[in-house]
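In our numbering, the protein residues as written are 3 to 419. For reference, the structure discussed in these notes is given below.
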């Protein structure tokens, strides 16, 4: 079941400062949306009172969270929403609230979204809630997705001719804010992008890690429908940006995501957790002592995602023998089986690309993910006399192909069983 908070940039214009005028406009537009939903076979009902309140004293039956502007707390009562959803209707909530003096006032729709997300997450954690109407039972709300439908679409990307495909908020939030400063035209072409990003970030902080958000333009229903069905972007965000086969998109999928950390030594890692991650990903045993001994002489970077949900081990190899060289080699690329499907592989790959413009790696010829590797490589080569397929990306690949092949031949296997 869906719950919607309505927004319209026109509501914020000076001519709509009088509350009575603005309320009538909001209700009229909410009725228009209701008619559109019902004409398509759905059921909906505008809700312009009874959900949000702004007050200092909190009731036992509401959940409070600060407004996005920090000026007050917004309390949320879920009673009306429960009744409407039990009737099979989509609540269309207007951003209005009762204040301390019992007068109605407007609130920021973003503040309403954050407060509602917090209330639903709080409810889920406590499973039951009593309301003033006298019933006390389990609510049916289990928040899983935030959908922002606007006129501009997703978060603009400086690299792509369109929007970001997927955003891992924990590792990309600051970079996106910086990109807006470097691209001031986005404030005109995507005027609500940063506001929506901030709102989604605060909402997802309260929701389960499996929750996601999507920003989609109203003129692209296919993008919305596809994400509602699969909970994934239309295509992988780690596909080469300049490849002719990589589609363009105006839709962005966002997750609160996972932190990304970089290590230059295994000594700063939990070795047991790292070994478990590698072995569970490959389904084979790691020759731990031999592997760690080799890493001491050539390790360059270990990219770790979350609490050992995924990792990439990059070494610098010497084509002429042992010891550290200048060739970047992707030694391990692993994702925990229970973390697949939430974008960990894409997060890792994008980090590798940012840090290494040229890199080589190998995989067994029968490796099930070779197609995934092939789509992200500049070239590949079956190494004669071995069961290895070599992959690389970057402009140096063709000129360094012999050195790459020497590296892939000389590295001893580290997995068995």
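Note that CB positions come from ideal geometry on N, CA and C, so glycine has one too. Treat the numbers as computed from the prediction; the structure is a model and nothing was measured.
For residue j and residue i, the rounded distance between their alpha carbons
{"i": "residue 219", "j": "residue 253", "result": "7 Å"}
{"i": "residue 11", "j": "residue 50", "result": "18 Å"}
{"i": "residue 405", "j": "residue 384", "result": "14 Å"}
{"i": "residue 203", "j": "residue 123", "result": "14 Å"}
{"i": "residue 102", "j": "residue 110", "result": "17 Å"}
{"i": "residue 9", "j": "residue 196", "result": "16 Å"}
{"i": "residue 118", "j": "residue 342", "result": "29 Å"}
{"i": "residue 13", "j": "residue 228", "result": "30 Å"}
{"i": "residue 63", "j": "residue 79", "result": "Reliability fails at residue 63, whose pLDDT of 46 lies under 50, so the model's placement of it is uncertain and the value that follows must be treated cautiously. Their Cα atoms are separated by approximately 7 Å."}
{"i": "residue 397", "j": "residue 83", "result": "56 Å"}
{"i": "residue 399", "j": "residue 251", "result": "29 Å"}
{"i": "residue 209", "j": "residue 274", "result": "30 Å"}
{"i": "residue 372", "j": "residue 348", "result": "15 Å"}
{"i": "residue 23", "j": "residue 176", "result": "39 Å"}
{"i": "residue 282", "j": "residue 207", "result": "29 Å"}
{"i": "residue 370", "j": "residue 339", "result": "14 Å"}
{"i": "residue 59", "j": "residue 125", "result": "Low per-residue confidence applies at residue 59: pLDDT is 49, beneath 50, and the placement is therefore not dependable, though the value from the model is reported in the following sentence. Looking at the two C-alpha atoms, the distance is approximately 20 Å."}
The ligand SAM heavy atom lying under 7 Å from the CB of residue i
{"i": "residue 151", "result": "Ligands are entirely absent from the displayed structure, and the ligand SAM is therefore not among its contents."}
Own chain, CB closer than 7 Å to residue i, minus 5 neighbours either side, in chain order
{"i": "residue 333", "result": "315, 316 and 317"}
{"i": "residue 409", "result": "319, 321, 329, 331 and 362"}
{"i": "residue 357", "result": "303"}
Exposure of residue i, with buried meaning 16 or more beta-carbon neighbours within 10 Å
{"i": "residue 89", "result": "exposed"}
{"i": "residue 2", "result": "The chain is shown from 3 up to 419; residue 2 falls before or after that span and cannot be answered."}
{"i": "residue 309", "result": "exposed"}
{"i": "residue 46", "result": "buried"}
{"i": "residue 416", "result": "buried"}
{"i": "residue 120", "result": "buried"}
{"i": "residue 270", "result": "exposed"}
{"i": "residue 5", "result": "buried"}
{"i": "residue 136", "result": "Bear in mind that the predicted position of residue 136 carries a pLDDT of just 42, short of 50, making it too unreliable to give a figure here."}
{"i": "residue 190", "result": "exposed"}
{"i": "residue 293", "result": "buried"}
Beta-carbon separation (whole angstroms), residue i vs residue j, contact threshold 8 Å
{"i": "residue 149", "j": "residue 201", "result": "About 12 Å separates the two Cβ atoms, so there is no contact after all."}
{"i": "residue 362", "j": "residue 394", "result": "4 Å"}
{"i": "residue 171", "j": "residue 312", "result": "Not really, about 17 Å apart at Cβ, beyond 8 Å."}
{"i": "residue 217", "j": "residue 157", "result": "7 Å"}
{"i": "residue 100", "j": "residue 91", "result": "At roughly 22 Å, the Cβ-Cβ gap does not stay under 8 Å, so residue 100 and residue 91 are not in contact."}
{"i": "residue 266", "j": "residue 305", "result": "Between residue 305 and residue 266 the Cβ distance is about 11 Å, and since that is not below 8 Å, they are no contact."}
Opposing strand residues paired with residue i [DSSP bridges]
{"i": "residue 163", "result": "According to DSSP, which records beta bridges pairwise, residue 163 is partnered with nothing at all."}
{"i": "residue 47", "result": "93"}
{"i": "residue 306", "result": "263 and 313"}
{"i": "residue 168", "result": "255"}
{"i": "residue 393", "result": "363 and 382"}
{"i": "residue 55", "result": "77 and 100"}
{"i": "residue 215", "result": "148 and 256"}
Residue i at chain D interface by Cβ criterion, 8 Å
{"i": "residue 333", "result": "The structure shown has no chain D; it contains just one protein chain."}
Own chain, CB closer than 8 Å to residue i, minus 5 neighbours either side, in chain order
{"i": "residue 272", "result": "310"}
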